[in-house]
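Heads up: the structure comes next, in structure tokens.
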Amino acid sequence: MNQKQDGSALCRKAPELICPAGSPLALDAAIEGGADAVYLGSGDFNARMNAANFTNIELREGVRRAHSFGAKVYLTLNTLVYDREINAYLQAAYEAQAAGVDALIVADLGGAALLHRAFPALPLHASTQMSAHNAAAGGLLHALGFSRMVVARELSLEQLRAVTAVSPIEVEASIHGALCVCHSGQCL
């Protein structure tokens, strides 16, 4: 526990351990391994296209299973969305909400605005693909309806501290690097 400048106690939340779950089997392994949350893909709008991913039925069952162990499920809708895909994108979010996911991880700002308007109670997390890498990003994303940002992977510990010190939304940082040549998910 830390102290605020006025001497009152400042409680710190324990870090949330979030693991990838590219399949129902991986979801079970993450939960058994003690994950507080998992992120996973389902359908066409996720950057996890090489994973097995989840059907809508598997998503519902996976969310039920995760929640029964006290774990959260974050669905990745973290690709760019074209105008012709908007209806399908919103349908994917509807299916996610119906399945009971705890948040959507989003990369497209226009898509995020549509999601926030259509599903105001469903939390939005700014994907690492948004390359949030400075203190101003948290304020901007908060104004756009986000409750969390996954900051750029290349931030130093000092930079991460500076961002988290002033961010009005939660800050998530990966403790591993990408498997591709990239700059915060902007893969080459």
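Taken in order, the sequence shown gives residues 668 to 855; the numbers are from this note's numbering. The beta carbon of each residue, even a glycine, is placed where N, CA and C say it ideally should be. All figures in this text were calculated on a predicted structure; none of them were measured in a lab.
Checklist line | Reduced DSSP category for Ile698 - H, G, I as helix; E, B as strand; rest coil | finding: helix
Next item on the list: Give the single residue among Val830, Glu837, Gly689, Gly806 whose Cα lies nearest to the Cα of Asn713.
Entry: Nearest to Asn713 by alpha-carbon distance, out of Val830, Glu837, Gly689, Gly806, is Gly689.
Note to self: Am I right that Val705 and Ala733 are in contact with their C-beta atoms under 8 Å? What's the rounded C-beta distance?
What the structure shows: 6 Å
Next item on the list: Report all residues from its chain with a CB closer than 6 Å to the CB of Asp775; omit the five preceding and five following residues, and keep chain order.
Entry: Cβ within range, chain order: Leu747, Val748.
Notebook entry, point to check: Near Ile836, which residues of its chain fall below 7 Å by C-beta distance, leaving aside the five closest residues on each side in sequence?
Noted result: Once the five neighbours on either side are set aside, the close Cβ partners of Ile836 are Gly805, Leu808, His809, Phe813, Ser814, Arg815, Met816.
Notebook entry, point to check: How about Leu742 and Leu771: are their beta carbons less than 8 Å apart?
Noted result: Taking 8 Å as the Cβ cut-off, Leu742 and Leu771 qualify as a contacting pair.
Note to self: Taking the alpha-carbon of Ala803 as reference, which of Ser841, Ser834, Arg751, Gly710 has the nearest alpha-carbon?
What the structure shows: Ser834
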